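First up is the structure itself, then whatever we jot down about it.
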Amino acid sequence: MKTRETYTPPLRPSEHNKGSYYLNRDVYLFKHENVINILDFRRGQFYGLDEIGSRMVDLILEKSYQETITEISQLYEVPEAKICGDLSELLNSLIEKKILVTSPHPDKFTEENLWPNILIAILKKLALIGRKLLNPQPAPNAYTVEILLTLSWISLRVLGWSRSIAIWQKWHKSHRKEIDKETIENLDRLLRETASGKLFLPMVCKERALVAYHLLRTFYGCPATLMVGKLLRI
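8 is the number of the first residue of the sequence shown in the working numbering; add one for each residue after it.
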């Protein structure tokens, strides 16, 4: 996965860090001009902050609680009591959403462990059998796309973004093959039409992107890459 224009304060405190708040695992800050967008890949959530909230988060990750209040108060010429209340409310909200933690060593997560490897081996075997029975054609059909969309929906909500992408990336190896524009457009159309028909599992861009990535690499051997981006209107 690739991110662009990201700004990520250190998870571990540096020598000058007097604070006690840290970004949780798989949480990144996307900083553009004076505002921050928070990308939580563990839970697949995105949040936007205004200019003052962005400055608060920026400072609290590097300085102490009181230093943050003092600097914000002086910068915006607002009483410290008002800043203290706003900062406490913001921090409580970010901690509740598991964006910030108060320990520099949050819960450990490693992609390389036994159970995901066993799971992916089983899924590979089932997928191979299923493809031979249900989709012997060289291109994916609607039934295959529907199954994969359902799996991606479940995967993203049960495992989160990071674990899901880690497992789906281990599913296959791609070859350096070219793919024409018409094939991509046909695949995109098939994904959109199939996703729009799943009334009980609402599909958004995350599920479609994960399935498109998988199909491009498995059916077409295309070295597709998952990208995370943000549309900036200037």
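C-beta: ideal position from N, C-alpha, C; glycine also.
It should be emphasised that the depicted structure is a prediction, and the values quoted were computed from it without experimental measurement.
For residue i, the three-state DSSP class (helix, strand or coil)
i: Val152; result: helix
i: Gln81; result: helix
i: Asn44; result: strand
i: Leu107; result: strand
i: Met63; result: helix
i: Val211; result: coil
Within-8 Å CB hit, residue i to chain D
i: Leu56; result: Judged by its chain identifiers, the structure shown contains no chain D, having just a single protein chain.
Distance between beta carbons of residue j and residue i, contact taken as under 8 Å
i: Leu217; j: Ser169; result: So it is not a contact: roughly 12 Å between Cβ atoms.
i: Val243; j: Tyr29; result: Because the chain here runs from 8 to 241, residue 243 falls outside it and cannot be looked at.
i: Lys213; j: Leu163; result: 6 Å
i: Leu242; j: Thr75; result: In this structure the chain extends from 8 to 241, so residue 242 is not present and cannot be described.
Burial state of residue i, where buried means 16 or more other Cβ atoms lie within 10 Å
i: Asp114; result: Residue placement at Asp114 cannot be trusted, given a pLDDT of 49 that sits under 50; the coordinates are not used to answer.
i: Glu40; result: exposed
i: Asp57; result: exposed
i: Arg199; result: exposed
i: Phe48; result: buried
Cut-off 6 Å between Cβ atoms - residues of its own chain near residue i, not counting five sequence neighbours on either side
i: Leu223; result: Cys229 and Ala231
i: Asn148; result: Asn142
i: Tyr227; result: Ile186
i: Thr151; result: Asn142
i: Lys105; result: Asn31
i: Glu22; result: For Glu22, the predicted model reports a pLDDT of 35, less than 50, meaning its position is unreliable; a value from the coordinates is still stated below. Cβ neighbours of Glu22 beyond the five flanking positions: none.
i: Glu87; result: Ile76 and Ser80
Close Cβ partners of residue i (< 8 Å) along its chain, the five nearest in sequence each way excluded
i: Met210; result: Leu156, Trp160, Ala202 and Ser203
i: Leu66; result: Glu74, Thr75, Glu78 and Ile79
Other residues of its chain near residue i: CB distance less than 7 Å, five sequence neighbours each side excluded
i: Leu194; result: Ala219 and Leu222
i: Leu97; result: Gly60 and Met63
Extent of the continuous beta strand (DSSP E) to which residue i belongs
i: Lys38; result: Val34 to His39
Unbroken alpha helix (DSSP H) run spanning residue i, endpoints
i: Gly167; result: Gly167 to Gln176
i: Gly55; result: Looking at the DSSP string, Gly55 is not in any alpha helix (DSSP H); the run it does join, the beta strand (DSSP E), is Gln52 to Gly55.
i: Leu198; result: Lys188 to Ser203
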